[in-house]
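Comments concern the structure below.
Protein chains: 4
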Amino acid sequence: MRVGVLTGGGDCPGLNAVIRGAVRKGTQEYGYDFVGFRDGWRGPLEGNTVPLDITAVRGILPRGGTILGSSRTNPFTEEDGVRRIKDNLAKYEVEALIAIGGEDTLGVATRLSGEHDVPCVGVPKTIDNDLSATDYTFGFDTAVGVATEAIDRLHTTAESHMRVLVVEVMGRHAGWIALHSGLAGGANVILIPEQRFDIGEVCGWIESRFKVRYAPIVVVAEGAMPKDGQMVLKDDSTDSFGHVRLSGVGEWLAKEIESRTGKEARTTVLGHTQRGGTPSAFDRWLATRFGLHAIDAVHDGDFGKMVALRGTDIVRVPIAEATAKLKTVDPALYAEAGVFFG
Amino acid sequence: MRVGVLTGGGDCPGLNAVIRGAVRKGTQEYGYDFVGFRDGWRGPLEGNTVPLDITAVRGILPRGGTILGSSRTNPFTEEDGVRRIKDNLAKYEVEALIAIGGEDTLGVATRLSGEHDVPCVGVPKTIDNDLSATDYTFGFDTAVGVATEAIDRLHTTAESHMRVLVVEVMGRHAGWIALHSGLAGGANVILIPEQRFDIGEVCGWIESRFKVRYAPIVVVAEGAMPKDGQMVLKDDSTDSFGHVRLSGVGEWLAKEIESRTGKEARTTVLGHTQRGGTPSAFDRWLATRFGLHAIDAVHDGDFGKMVALRGTDIVRVPIAEATAKLKTVDPALYAEAGVFFG
Amino acid sequence: MRVGVLTGGGDCPGLNAVIRGAVRKGTQEYGYDFVGFRDGWRGPLEGNTVPLDITAVRGILPRGGTILGSSRTNPFTEEDGVRRIKDNLAKYEVEALIAIGGEDTLGVATRLSGEHDVPCVGVPKTIDNDLSATDYTFGFDTAVGVATEAIDRLHTTAESHMRVLVVEVMGRHAGWIALHSGLAGGANVILIPEQRFDIGEVCGWIESRFKVRYAPIVVVAEGAMPKDGQMVLKDDSTDSFGHVRLSGVGEWLAKEIESRTGKEARTTVLGHTQRGGTPSAFDRWLATRFGLHAIDAVHDGDFGKMVALRGTDIVRVPIAEATAKLKTVDPALYAEAGVFFG
Amino acid sequence: MRVGVLTGGGDCPGLNAVIRGAVRKGTQEYGYDFVGFRDGWRGPLEGNTVPLDITAVRGILPRGGTILGSSRTNPFTEEDGVRRIKDNLAKYEVEALIAIGGEDTLGVATRLSGEHDVPCVGVPKTIDNDLSATDYTFGFDTAVGVATEAIDRLHTTAESHMRVLVVEVMGRHAGWIALHSGLAGGANVILIPEQRFDIGEVCGWIESRFKVRYAPIVVVAEGAMPKDGQMVLKDDSTDSFGHVRLSGVGEWLAKEIESRTGKEARTTVLGHTQRGGTPSAFDRWLATRFGLHAIDAVHDGDFGKMVALRGTDIVRVPIAEATAKLKTVDPALYAEAGVFFG
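Chains as they are written, first to last, in the UniProt record's numbering: chain A, 1 to 342; chain B, 1 to 342; chain C, 1 to 342; chain D, 1 to 342.
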């Protein structure tokens, strides 16, 4: 039997480890062979493939990114998308698909499985860790590690100049990276998308920190927002492409803090460094196990399912259920971190 | 109310993060004050204390080791131990104790709580991750990270010289560090204490690896043993202090592999580097949360309990139950890794 | 004899190592005692001091930043600045000063030594490595290391999405960080302040890179500029505070590359993470030796001099000479890197 | 013109960067093509080659080890060695050789160039940094970095248990790694092969360190030796293979320190982790430049020469001269570090 593998959406450390795990076990234990589809759903849509065997996956475990390439292509928005995919799967004699990706990629897998008899197994991937039904997604631990190391470095600069340093981390809809790296890095303020912040309260925490002669670090998720009416975006407050990423809430915060507290404030936007490079040991372990269990699901003919982490176990859940709602930071969990604010 | 804190057993990255979490929350939210007992149970036994307040815990989050010092002192083997501890707690007006440690340290806490009305809350600490009732203990992720980085480095040396490299990692009774770092580092053989290995089979895996022109990495837990009769320790096979650590199973393996396969083999014993230094982001997050929840348990008067990680939640369990049995690697989990052997 | 120590200008990994080296040797071998002046020249100006002895310098070797704090205060622009400094040195019975800083800080030291009989020894500090008379300044190697690790991480993201990634590194007037991290990170384009670049040529290199199915990384120093007339800053091309740092040449490049080549381009601005955190081993070694040799110069009464690295030797040079001209990247050295462009 | 490249001796981070630099510049600027000889001098001796072009060197810059493999084969000890090499060079139409290696590999290159008209250019490689005529060799900075990070980690364990930690680093004949990592890691004792140490003095330093309540770290080069008559190796003081590496001076020191001071002492032998893995930014920069300048030397027909670092310049020196004498640690430089002992 031949199994197709594709990776969709933004890249994430651990994708190659998933691919390797599935190919190693599928080949050695089940006697399957594999075909790689290039650039997410565009691959099966356009019949764009890469060879995928044990030789192809040698040495990729520690490598970030994905050897299959990625894209955000959605076959359901392409003319005749489903039929073209089914034709290509037939052409390449692919009898099962492993789709590794986030909400969009897995959403396509759900519909192809459920409505169009395309046998798919899903592997959840979101660096933001905001997917339901799994305790963690791979890539998240690496991103938190990169952010924490950056915060460690920024502390010394903040102390030396008695300056506020704002660190903008990833997280448009969920504050997991901000919460974990903020706690691990000893941040004095952590701001997440799940809860509108009050800029006055933030400045209060900052001033109380200076009172004990320590310089504050503010960790803010890119999707965090102040209370209504507090954020007045000047016409020129987006940069030349309207990138929010590069002139967003982090920049706005530093400006507001400077004008309200009179303290110097600087922003660092970590950006893509959070999602590239070699995966952490935890992410390699998790991604490898996801790969092993995904091919087991294929072997069991258990399609329409996604692998997930529960405690230390890998389980299977219906993809549909997993992608139904975003996993956001629970208010009680966020409140726990509050003891470190100010 | 005054709370005493102590750390016992071998040091472990994250101990300071636990202390900081408990002191920050206890002081700010519950209005407690704290006293640190030096060097584990020896502290309350001998009335040896250190000041412990918010100033004392500033900046310790990223620091490995423990600001309180540690020891393996067991008051139950000391003359009049329990009475002396109770006297010192009274003398310092300590009404509750947070004991951070492994089986031995927590075992003492259980008996003091259960049999002698000393109100104790436990925080589990074992770098080997072999304590029941918690998914993970802090320090483990850091140790796995250090071991994985070493394995990454050793791969290139192995390949350049087509040589076998044996990496001996911590784990006397449980193979968690070997299993996780071996999987994350792409080892070709992983040997754990839970299952006696067959040296012939190990050499078979090594030879099959060389057949595809790749040089093998063998990760072995210090407590792993070959099948009965296979390991013949020469009189001179322990070093000048009889340290197993420095002339143990890793050395024996390299020697056997050389003589059985004719391939050059070298051993690296990672030793103490696995347990020192700054904690990983995951361990800082886990240890900080353990500290916050330990002081909550004190606040609730919920003594004789230990904090534990279940999935992403911190829960409380009876210390006695948690220390009752060693958490070892499940055979099925170990079998999962087998696909990568050879 | 009592020696004063101060650190001026932007913080830099290794400042604490210099302080420790001078205090350890001065105390143990010469029997000096020390006083720390807080926040650069503001310290002696305002008589703001911190205790500085062997206890004060314990454990600071691996810590970034400076335990003395820093500022850009210039006594020559302050009313009565020189007299106030001389009065405070007399008040604290300070007979010699070690000034650790860049052009401005050392410029003050030169004038105080030469024109006002204040015995100063200089220690050069610039993370940009743009100070004449020394092969390297401490902090530079750390900054290059941080930038190189970021470039390593960005490669995988670039490849996975076949996207251009622009990395803006420090270097307003000299391209040393860009050149070294670009070479070490395998960048496909390196742009430095010393040579105006042609945006058309840059896009040509990028397109040739895509032709071989590889995604390009562009490393650009914050001070790099295109040829006259090529850079047209839109009204909206500065962010809400007109920070060049966050909407500077890196942002402009990504925008131009997108519009000229039709390829997706993203910018990462590394910012303050390059100058904070623990120093690299090389920087700890260099900074420690600078500290040891600075106190030797004080002992020899060799004032008005600065310590410098020549090959593997630490030498002394007149401060004036060292700060006379900026050390920029030699065109021949930049040309060497050209073989990797495109 | 076709150029052959080989790497000999122990592996070292940066070998691949040298190869890449030479191949990129040779191909693009001089129109050469290349052939890789496998496993050092064994390659040309046995006519064992690997393809070496721009595609072959893509992505190898950050990879440790050597894509060409290595060996310690010496053609002058092989029957008919020189003739066989000349025949194979003729067979593969190789008109010049770039030999990357240490004393032995370069010694062969000297004789082949000088006595047998084989046009060779040398690139110095020794992780121990003990080669004359160059300020640094690539790989050394990486090794020092790995050792320093290990020392950082061991400090916290030492402090937590008030225990002596002995770290044995590489360096059979020269103490460069011990000196640099010891200084950078804040060691309290540094022992090098160049100077016999007095075990009594070492124990004195250790005791004085404990007096101020700090736990000592001893960094010892594997080749360091105590004064005559002090080191009495018990029969059981070598391990089961008589590996000095695993039961050498580090083990002996810990034992002596325990028996003489009564303090607990532990040894960590860093071993192969020092020479594997990704090169530091400094080593990538140095190795890349060595590759670029080596191919320039070939282009200039400047054979029998070796590239070398002097300050920040790459120069050429006669190989013979460079390998004539070992570069050891100057007593004055070692004395500099003495201020930190005890």
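Note that the Cβ used here is the ideal one computed from N, Cα and C, for glycine as well.
All values reported here derive from a predicted model rather than from experimental measurement.
**Request:** Note down, in chain order, each residue of its chain lying with its Cβ closer than 7 Å to the Cβ of D:Pro75, except the 5 sequence neighbours on either side.
**Result:** The residue you call residue 75 of chain D lines up with position 75 of the fourth sequence. Same-chain partners within the cutoff: Trp41, Leu45, Gly81, Val82, Ile85, Val108.
**Item:** For C:Lys327, the first and last residue of its enclosing beta strand (DSSP E)
**Value:** Translated into the one-based positions of the third sequence, residue 327 of chain C becomes position 327. Counting along the chain, C:Lys327 falls outside any beta strand (DSSP E), and DSSP gives it neither H nor E.
**Asked** Using the rule of at least 16 other Cβ atoms within 10 Å of the residue's Cβ for burial, across every protein chain shown, is A:Ala335 buried or exposed?
**Response** Position 335 of the first sequence holds residue 335 of chain A. Burial call: exposed.
**Message:** Using the three-state DSSP reduction, which class does A:Leu97 fall into: helix, strand or coil?
**Reply:** Looking up residue 97 of chain A in the first sequence gives position 97. Looking at A:Leu97 - three-state DSSP - the assignment turns out to be strand.
**Asked** With a cut-off of 8 Å, do at least 3 Cβ pairs link the stretch 292 to 309 of chain D to the stretch 188 to 197 of chain C?
**Response** no
**Request:** Give every residue of the same chain whose Cβ lies closer than 6 Å to the Cβ of B:Gly291, excluding the five residues on either side of it in the sequence, and list them in chain order.
**Result:** Looking up residue 291 of chain B in the second sequence gives position 291. Cβ neighbours of B:Gly291 beyond the five flanking positions: Val18, Gly21, Ala22.
**Prompt:** DSSP on B:Ser208, reduced to helix/strand/coil?
**Reply:** Position 208 of the second sequence, counted from the first residue, corresponds to residue 208 of chain B. Of the three classes helix, strand and coil, the one that applies to B:Ser208 here is helix, per DSSP.
**Asked** Roughly how far, in whole angstroms, is the beta-carbon of A:Trp176 from the beta-carbon of A:Asp135, given that I think they are within contact range, below 8 Å?
**Response** Taking the first residue of the first sequence as 1, we reach residue 176 of chain A at position 176. Taking the first residue of the first sequence as 1, we reach residue 135 of chain A at position 135. Not confirmed; about 11 Å, so no contact.
**Request:** With DSSP as the reference, please indicate the residues paired to D:Ala221 in a beta bridge.
**Result:** Along the fourth sequence, one-based indexing puts residue 221 of chain D at 221. Per DSSP, D:Val169.
**Request:** List the residues of chain D that B:Arg275 touches, going by C-beta distances under 7 Å, in chain order.
**Result:** Numbered from its first residue, the second sequence carries residue 275 of chain B at position 275. Under the 7 Å cutoff, chain D gives Thr157.
**Prompt:** So, helix, strand or coil for A:Pro318, using DSSP?
**Reply:** In the first sequence, counting from the first residue as 1, residue 318 of chain A sits at position 318. Here A:Pro318 sits in strand by DSSP.
**Request:** Hey, could you find the ends of the alpha helix (DSSP H) A:Ala187 is sitting in?
**Result:** In the first sequence, residue 187 of chain A corresponds to position 187, counting from 1. Premise fails: A:Ala187 is in no alpha helix (DSSP H) and is neither H nor E.
**Message:** Tell me the residue span of the alpha helix (DSSP H) that contains B:Arg72.
**Reply:** For the purposes of this step, residue 72 of chain B is taken as the residue at position 72 of the second sequence. That residue, B:Arg72, is in no alpha helix (DSSP H); it is neither H nor E in DSSP.
**Request:** Would you list, in chain order, the members of the stretch 142 to 169 of chain C that have their beta-carbon closer than 7 Å to a beta-carbon of chain F?
**Result:** Among the chains of the structure shown, chain F does not appear; the protein chains present are A, B, C and D.
**Item:** D:Leu61 to A:Trp205 span [Cα, whole Å]
**Value:** As a first step, residue 61 of chain D must be located in the fourth sequence, where it is residue number 61. As a first step, residue 205 of chain A must be located in the first sequence, where it is residue number 205. Distance between the alpha carbons of D:Leu61 and A:Trp205: 46 Å.
**Item:** Alpha-carbon to alpha-carbon, D:Glu168 and D:His243
**Value:** Residue numbering aside, residue 243 of chain D sits at position 243 when the fourth sequence is read from its first letter. Residue numbering aside, residue 168 of chain D sits at position 168 when the fourth sequence is read from its first letter. The pLDDT assigned to D:His243 is 39, lower than 50, so where the model puts this residue is not dependable; a value taken from the coordinates is nonetheless given after this. Cα-Cα distance, rounded: 14 Å.
**Asked** How about D:Gly4 and D:Leu112: are their beta carbons less than 8 Å apart?
**Response** Start at 1 with the first residue of the fourth sequence, and residue 4 of chain D comes out as number 4. Start at 1 with the first residue of the fourth sequence, and residue 112 of chain D comes out as number 112. No, the Cβ-Cβ distance between D:Gly4 and D:Leu112 is not below 8 Å.
**Prompt:** From the DSSP output, which residues share a beta bridge with A:Thr267?
**Reply:** Counting from 1 along the first sequence, the entry for residue 267 of chain A is found at position 267. According to DSSP, A:Thr267 bridges with A:Val166.
**Prompt:** Roughly how many angstroms separate the alpha carbons of B:Asn16 and D:Phe140, rounded to a whole number?
**Reply:** As a position in the second sequence, residue 16 of chain B is number 16, starting the count at 1. As a position in the fourth sequence, residue 140 of chain D is number 140, starting the count at 1. Their backbone Cα atoms lie some 34 Å apart in a straight line.
**Asked** In terms of alpha-carbon separation, which member of B:Val35, B:Leu270, B:Ile54 lies closest to B:Gly47?
**Response** Residue mapping note: residue 47 of chain B aligns to position 47 of the second sequence, counting from 1. Checking every option, the nearest Cα to that of B:Gly47 belongs to B:Val35.
**Message:** Need the endpoints of the beta strand (DSSP E) that D:Gly36 sits in, please.
**Reply:** As a working note, residue 36 of chain D is residue 36 in the fourth sequence. Note, D:Gly36: beta strand (DSSP E), 33 to 37.
**Message:** Comparing C-alpha positions only, which one of B:Ala281, B:Gly250, B:Arg260, B:Gly277 sits nearest to B:Arg266?
**Reply:** Here residue 266 of chain B refers to the residue found at position 266 of the second sequence. Nearest of B:Ala281, B:Gly250, B:Arg260, B:Gly277 to B:Arg266, Cα basis: B:Gly250.
**Request:** Would you identify the three-state DSSP class for residue 375 of chain B, choosing helix, strand or coil?
**Result:** With chain B covering 1 to 342 only, the question about residue 375 of chain B has no answer from this structure.
**Message:** Rounded to the nearest angstrom, what separates D:Val217 and D:Leu154 at their Cα positions?
**Reply:** By 1-based counting over the fourth sequence, the position of residue 217 of chain D is 217. By 1-based counting over the fourth sequence, the position of residue 154 of chain D is 154. It is Ile, not Val, that sits at residue 217 of chain D in the sequence shown. Each residue's alpha carbon lies about 8 Å from the other.
**Item:** Reference B:Glu258; option with closest CA among B:Asp283, B:Ile199, B:Gly14, B:Met170
**Value:** Here residue 258 of chain B is taken as the residue at index 258 of the second sequence, counted from 1. Nearest C-alpha to B:Glu258: B:Ile199.
**Asked** From the beta carbon of C:Thr268, is the nearest beta carbon of chain A less than 8 Å away?
**Response** The residue you call residue 268 of chain C lines up with position 268 of the third sequence. Closer than 8 Å: yes.
**Item:** Cβ neighbours of B:Lys263 in the same chain (closer than 6 Å, five flanking residues each side left out)
**Value:** Locating residue 263 of chain B in the second sequence gives position 263, where the first residue counts as 1. Correct list, in chain order: Val164.
**Asked** By a C-beta neighbour count over all protein chains shown, 10 Å radius and 16 as the cutoff for buried, is C:Pro51 buried or exposed?
**Response** For the purposes of this step, residue 51 of chain C is identified with residue 51 of the third sequence, where counting begins at 1. By the 10 Å Cβ count, C:Pro51 comes out exposed.
**Request:** Could you name the residues of the stretch 38 to 63 of chain D whose beta carbon sits closer than 9 Å to any beta carbon of chain C, in the order they occur along the chain?
**Result:** Ile54, Thr55, Arg58, Gly59, Leu61, Pro62
**Request:** Count the other C-beta atoms from every protein chain shown that fall within 10 angstroms of the C-beta of B:Thr73, then say buried if there are 16 or more, exposed otherwise.
**Result:** Taking the second sequence and counting its residues from 1, the one referred to as residue 73 of chain B is at position 73. Buried, because 16 or more other Cβ atoms sit within 10 Å of the Cβ of B:Thr73.
**Prompt:** Hey, is B:His272's beta-carbon within less than 8 Å of any beta-carbon in chain A?
**Reply:** As a first step, residue 272 of chain B must be located in the second sequence, where it is residue number 272. Answer no: the Cβ-Cβ gap between B:His272 and chain A never drops below 8 Å.
**Item:** Whole-Å CB distance - D:Arg24 paired with C:Phe340, under 8 Å assumed
**Value:** Looking up residue 24 of chain D in the fourth sequence gives position 24. Looking up residue 340 of chain C in the third sequence gives position 340. 6 Å between Cβ atoms; contact.
**Asked** Excluding sequence positions up to five away, which residues of its chain have a Cβ less than 6 Å from the Cβ of D:Ile314?
**Response** Translated into positions along the fourth sequence, residue 314 of chain D becomes position 314. The answer, listed in chain order, is Arg289, His293, Val307.
**Cutoff 7 Å; reference C:Gly223; Cβ partners in own chain excluding five residues on either side** = By 1-based counting over the third sequence, the position of residue 223 of chain C is 223. Correct list, in chain order: Gly171, Arg172, His173, Pro193.
**chain A contact for B:Thr312 (CB, 8 Å cutoff)** = Working through the second sequence from its first residue, we reach residue 312 of chain B at position 312. B:Thr312 counts as touching chain A.
**Message:** If you reduce the DSSP assignment to three classes, tell me which class C:Pro193 lands in.
**Reply:** For the purposes of this step, residue 193 of chain C is taken as the residue at position 193 of the third sequence. Looking at C:Pro193 - three-state DSSP - the assignment turns out to be coil, as it is neither helix nor strand.
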